[in-house]
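Chemist: Provided herewith is a single structure, encoded as structure tokens, for subsequent inquiry.
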Amino acid sequence: MAEINFTPGQKQAIFDQGQNILVAASAGSGKTRVLVQRVIEKIKQGTDIDQLLIVTFTEAAAAEMRDRIKKALEKELQTASPAEVRRYRQQLVKLNVANISTIDAFCLQIIRRYYYVINLDPGFRMLTDTAEQTMLMENVWEDVREQYYQAYYQGQDTPESDCASFKELADNFTNDRDDEGLTTIVLRAYRQSLSLPHPQEWLQKLGQAYRVPEAGLGQMELFRQGIIPLVQQELEQQASNLTLAQTIAENNGFDKAAAKIADDQAHLRQVLTALAASDPEYATIQARLAFTFTKKYYGRNLDPVAVQEKKRITALIDDVKKTLKNLSTRWFGEDEQAVRQTLHACYRLANKLAEVTLRFMDAYAQEKRRRHLLEFNDLEHLSLQILQNEDVQTSMRNQFAEIMIDEYQDTNHLQEAILTSFARTKPGNLFMVGDVKQSIYGFRSAEPQLFLDKYHRYAQTDNDDERVILAENFRSVQNVADFTNLIFSQLMDQQVGEMDYDTNAQLKFGAKYYPQTQPEALPADVTDLQAEILLYCEQDGATEEPVPDKVTGQVQLLIAKIQELCDGSHRIFDRQTGEMRPVTYSDIAILTRTRGNNNTLMDYFSQAGIPLYVNDAANYFQTTEIRIMVSLLKIIDNPRQDIPLVAVLRSPIVGLKENDLARIRLTQRDSDYYTALTKYWQTHDELHHELWERIDQFMRQLTAWRDLARQQAIADLIWDIYDQTGFIDYVAGMPGGPQRQANLHALYDRAAAYEKTSFKGLFQFIRFVERMEENNDDLNAATTQSVGNMVTVMTIHGSKGLEFPIVVLFDATHQFNLTDERQSVIFTPTEGAGLTYVQPLTDPEIPSVANTATIKSDSLVKLLAQNRIARKNRAEAMRLLYVALTRAEQKLLVIGAYDKQDKVLTKWQGAAMTDALVLPAGARAAQTSLMDWLGMCLIRSHKFGYQLDTNLPEPTFIQASGADFSVRFIGPDQLPQIEHEQPTDVDQWLTTQTEVAHEHISSEMLKEMAVVLNHHYDQLDLTRTTAFQSVSDIRRLFEDPDTERMGRLQNLDGAKNGQVNRHLDNEFSLPSFMPTMTKPVSAAQIGTATHLLFQKMDLHQEVTKDRVQAMCEQLVQDNLLSQEVAARINLDGIVNFYQTPVGQLVLAHPDQVFREVPFSLVIQPEKLFAITATTSKPILVHGIIDGYVDTGDEVVIFDYKTNHPFGHMAATSRAGAVAGEDAQAFSERMKREYQGQLNLYQLALQQMVAAPVTHKYLYLTQTGETVEV
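The following block contains the structure:
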């Protein structure tokens, strides 16, 4: 590949000086090369390398920078004069101690050099482990919290007019079970403050945002400078939409409609006038926003073109209506007095939150000082404190001729304050390089607005500083650049993406070395460089067979495409050799938003024979080998833990079977399992000597390990376990053996690291591991090295700074994470703490309501903070998409999944209904996945390839774009099949084993075996009756609770399986480890998910479909529900329950409602089963009651059923009849089938509450009917 000459922009960045310089370097523009060359030129001009401060984002980047500078100096040596040789060699020596590091490493240098300025003990240790930090924080917080509770109960912490009591604060953010909600909020407030230069000052000002002037809300700074500009921006956009709608109406002869639109425009302008007033009034704006739109008339017998134009007008006006309604509800939904009351209540809460957090901050700092610990955040804050010293400032200002900051877009306010505290001014000496379009580390407090402020300010002609644009992309082929520009020219602007994707931001094709730019050099079999979008539609197609779920369908598409690319017929350009070659697996990188699908990818790729390297594997702590080791460590610490103990006994370390475990339990039934195990060991069971020997060996090992844990380091204990059991060798023989061994080595390494922390002992180490699991920490420590020709999987974040010939954006339809926007408290640097006020609801006419029900009111501060976070998150998601697309050198693939093709096309069309190049801000902000953004951009192009219902406008830029792409929707019946290894023929294997057995068994032995096998047991009925029954297994028991026998369970397939007196569900769920092409959503999964929603529902608020939908989405985000199951839940059926008399009773007594109540019931078997045994012992029935209400006067059981009527598999309305089985017949059948189950519930509950059950109800979610049983 020919050497790249510097472009004019690169030369500017290399040679310009005498002012602060901001280099906006697009993806693949060679910014690192430019930065290195600038360092070389500085050295040539007489600046020593140790007079430059070069700050990088990661340690790896710092090492790479040092290495590149070294190679550049060595290259200069080859052509240097004797005097220059001497100087360059001096610089190579100084390079070893040059200030090329991360900001944290630089701050550590400052502290070690100037610790005395702030009276800091230099003998500190860095607290680098997240789990150790969390444990220490929790210990300190527990002390602080206890002090507050003690002060409150002693009457020393009382509410004041401007500050709430600790009890009020706790009540506002906790539930009736614990106060973990307050713990989370205090720790979040603390962490948020640490990203700012002055954390204490920020905390002290939390309440100021809530202060309302006497003149009213209109004079509130938050209202005037925060809310009004947002509303104005939204309304101006909608005014433009009305103008466009009026123009279309006039151009198409819809004169009456145009006149009505003009009237609507006039009303909208009145709202804007009220907003622009020098003294805006809340009530006036609220009233004017509530106007009604006029009805439009377009005439009759419209031709097809007019119909299309009418649709465009209607879509625009509907968008205006929706926006105004949302603005009115969100910002002006309550009267002014109610808003002021909420603000005042939150003012008091915010002040108390600040006080509590500051006390925790001080206590935590003291504890760290006592233990001689510093965190990374401490490094930055202490450095800033040191840099306030004028002598230190002067010294550092004189030391550094220039401060170079790489990846400047990821700097935060605190880091900016540190670096600018000793930077020179007039002329400035800051050289900042980065790409704000690649700022994707908001979760690390990166603040791209710092870059953007300079980006706009430095471009002004009257500014002394300089902005340099590097737009040329030397990484990718023309089509990748064109495709990226096509997307982001429509998506990104200041309103949604925080910056305009204008000509300065667009990628300029610069990789002229590709043969695609030289047609005569392009082989005929070169890989098609078209960007491909493959979308699996789960519900399309006419197949009646079970279909793959969305993730499985995507994986099948991906595997088929990789196999096609790597079949030897596709070639790509090798940038290293400058020649064409076949595509290999190592050319392909799969980028994902999360690691959630990594295990699925590994399973299916293994079956397909495609080698896969997972850069950051998920679920480290869920792997079998780690769970076994953690369980073993738990019982070494405390053996009286049944679940960990049985897990170890059942594991390969001991190797017991189920029957062995049962035999041990029989020795001691009424105590913990360890007592039974000890008794069995002491009994010395001669009849089962092999089992006893296993137990004997384990108990001796356990005793030795417990002694070792008290005497030696935990790492030594773990290695002794590996050595004594051979466990680390055992896992090597399991599937994925090298990865499993790496996991065990990682556990050993973490134990060794733990010994260096301030916590000691095995118990604390187990707690340490549990904290790592909660934090999803240490996953990268357990990865194996990539070897040879493998497809790579990594997150988009992990791919930052990398490049690959072929990039696959996988699971592009993965929903955005909205957790930050739904927090009970939202923290931002500007608004502070956005709070929700939880107000007790009291009604003197209904005494039972007092002190139980509450009203939650979001403050204006929270709404503003929520809006800011939502915009920030959408902008970062947009930048994440940019990073993903620009990793590709030669080809892009995007894979996603939807339910149905027609629905998604309709959705994209609605969002793309505009003549403007940039899509409407509201439509962009409303999308929920990266694929939605791509789709609404691509659907406007004539290259889209699908017939649409509406002719969409295609702006000139899109028409002229050279981007070549294709979009394909693929149903289940079109999925390529993946070949699996054929399973062993079981019948043949059994035949072979039988033949072998007969060769080694004598005739006498066969006779003895026949006697045993043909033995007749007198109490045969009892052998068919289990001593442990589940209610769901025996639901059809009782027909009449007054009969003595209460209705017996009949033989349900008993002749086949011998279990006459136990009902077993023959429909087993498929284990997740079983390879399968399809995994349909079962009725049981839908039922379980529906019950979960009922269980999680907050009964203190009105139950609406929006609330149920939001809860469902949150459960999906929390990985408690899959997307596929969530899509099948009948949300209307859930909402309708609370409209029934039973539901109303539940809502009226929320604190007397008990849900998902487990029970155990002892009952004689003859009351359940038709048996003739002469003696029998009671059996244990267990189950879970969906819910009951105990009002004091009555006890009412309710049970939800998601069954469908016969012949009808879709949800129906409450009132409508159903196909195949009418509503009445369905209700009667449900009553018959579940009467026994509810009778059992009644029997158990009456024993539990010592009161009669007055009513029992079934609620049928598919018909919305309540049936009394």
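The sequence shown begins at 48 in my numbering and counts up by one.
Every residue gets a Cβ at the ideal spot worked out from N, C-alpha and C, and that includes glycine.
1. Would you mind sorting R987 into buried or exposed? The rule is 16 or more other CB atoms within 10 Å of its CB.
2. Could you please give the first and the last residue of the uninterrupted beta strand (DSSP E) stretch that includes S904?
3. Can the beta-carbon of E878 be found closer than 9 angstroms to that of A256?
4. For the pair the stretch 975 to 983 and the stretch 487 to 495, tell me if three or more CB-CB distances fall below 8 angstroms.
5. Is it buried or exposed for F1004, if we count other Cβ within 10 angstroms and need 16 for buried?
6. Taking 8 angstroms as the cut-off, does the stretch 922 to 939 touch the stretch 845 to 863 (at least 3 CB pairs, one atom from each stretch)?
7. For a test of the three-state rule: what should DSSP assign to K1303, helix, strand or coil?
8. Are A109 and A152 close, meaning C-beta to C-beta below 9 angstroms?
9. For the stretch 473 to 485 and the stretch 55 to 68, state whether three or more C-beta atom pairs, one from each stretch, are separated by less than 8 angstroms.
10. For D825 and D438, I'd like the C-alpha separation in whole angstroms.
11. Apart from the five residues just before and just after R1261, which ones in its own chain have a Cβ nearer than 8 angstroms to its Cβ?
12. On a Cα-Cα basis, can you pick out the residue from I165, R921, I690 that is closest to Q974?
13. Closer than 6 angstroms by C-beta to L229: which residues in its own chain qualify, once you throw out the five before and the five after it? Chain order, please.
14. Below 9 angstroms between beta carbons: does that hold for I87 and K141?
15. Can you tell me where the beta strand (DSSP E) holding M479 begins and where it ends?
16. Using the three-state DSSP reduction, which class does K122 fall into: helix, strand or coil?
17. Could you pull the DSSP bridge partners for F620 from this structure?
18. Under the rule that 16 or more other beta-carbon atoms within 10 Å means buried, what is N827, buried or exposed?
19. Helix, strand or coil for F556? Go by DSSP, reduced to three states.
20. Between the alpha carbons of G881 and I487, how many angstroms are there, rounded?
21. Name the residue from L174, Q456, R697 whose alpha carbon lies nearest to the alpha carbon of I675.
22. Hey, out of Q446, Q553, V951, whose CA is closest to S73's CA?
23. In angstroms, rounded to a whole number, what distance separates the CA positions of L100 and T361?
24. With S442 as the anchor, note down where its beta strand (DSSP E) starts and where it stops.
25. Residues bridged to Q197 by DSSP?
26. If we ignore side chains and look at the alpha-carbon of each, how far apart do F1273 and T1249 end up?
27. Measuring CA to CA, which of I635, G600, V778, E592 is closest to I673?
28. I need the boundaries of the beta strand (DSSP E) containing P887, first residue and last residue.
29. Whole angstroms is fine: what's the gap from P1299's alpha carbon to D1240's?
30. Locate the beta strand (DSSP E) running through Y660, then write down its first and last residues.
31. Rounded to the nearest angstrom, what separates K597 and M781 at their Cα positions?
32. Just the Cα atoms here: how many angstroms apart are I1133 and L1139?
33. From the DSSP output, in three-state form, read off Y505 for me.
34. What residues in its chain sit with their C-beta under 7 angstroms from that of T54, if we drop five residues either side in the sequence?
35. Might you give, ordered along the chain, the residues of its own chain that have their beta carbon closer than 8 angstroms to the beta carbon of P327, omitting 5 neighbours on each side?
36. Could you tell me how far apart the beta carbons of E248 and F806 are, in whole angstroms, since I believe they sit closer than 8 angstroms?
Modeler: This is what the structure holds:
1. buried
2. It spans 901 to 905 - the beta strand (DSSP E) in which S904 sits, taken as one unbroken run.
3. Going by C-beta atoms, E878 is nearer than 9 angstroms to A256.
4. The stretch 975 to 983 is not in contact with the stretch 487 to 495.
5. By the neighbour-count definition (other C-beta atoms within 10 Å, threshold 16), F1004 is an exposed residue.
6. yes
7. strand
8. yes
9. yes
10. Because D825 carries a pLDDT of 46, less than 50, the predicted location of this residue cannot be relied on, and the following value inherits that uncertainty. Near 42 angstroms, if we compare the C-alpha coordinates of D438 and D825.
11. Low local confidence applies: a pLDDT of 37 at R1261 is under 50, so the model's placement there is unreliable, and no value is given.
12. R921
13. Sequence-distant partners of L229 (beyond 5 residues in either direction) whose C-beta falls short of 6 angstroms from its own C-beta, in its chain, are A217, F220, T221.
14. no
15. 477 to 481
16. helix
17. M627
18. For N827, the pLDDT reaches just 42, beneath the cut-off of 50, and the residue's location in the model is therefore unreliable, although a value from the coordinates is still provided. When all chains shown are included, N827 counts as exposed.
19. In the structure shown, F556 adopts extended strand secondary structure according to DSSP, grouped into three states.
20. 24 angstroms
21. The residue with the shortest Cα to Cα distance from I675 is R697.
22. Q553
23. 59 angstroms
24. Run containing S442: none in the beta strand (DSSP E); it sits in the alpha helix (DSSP H), 437 to 446.
25. Bridge partners of Q197: none, in fact.
26. 12 angstroms
27. V778
28. 883 to 887
29. 10 angstroms
30. 659 to 661
31. 29 angstroms
32. The alpha-carbon atoms of I1133 and L1139 are separated by roughly 10 angstroms.
33. coil
34. E519
35. Cβ within range, chain order: G265, F270, R271, I275, A321.
36. 33 angstroms between Cβ atoms; not a contact.
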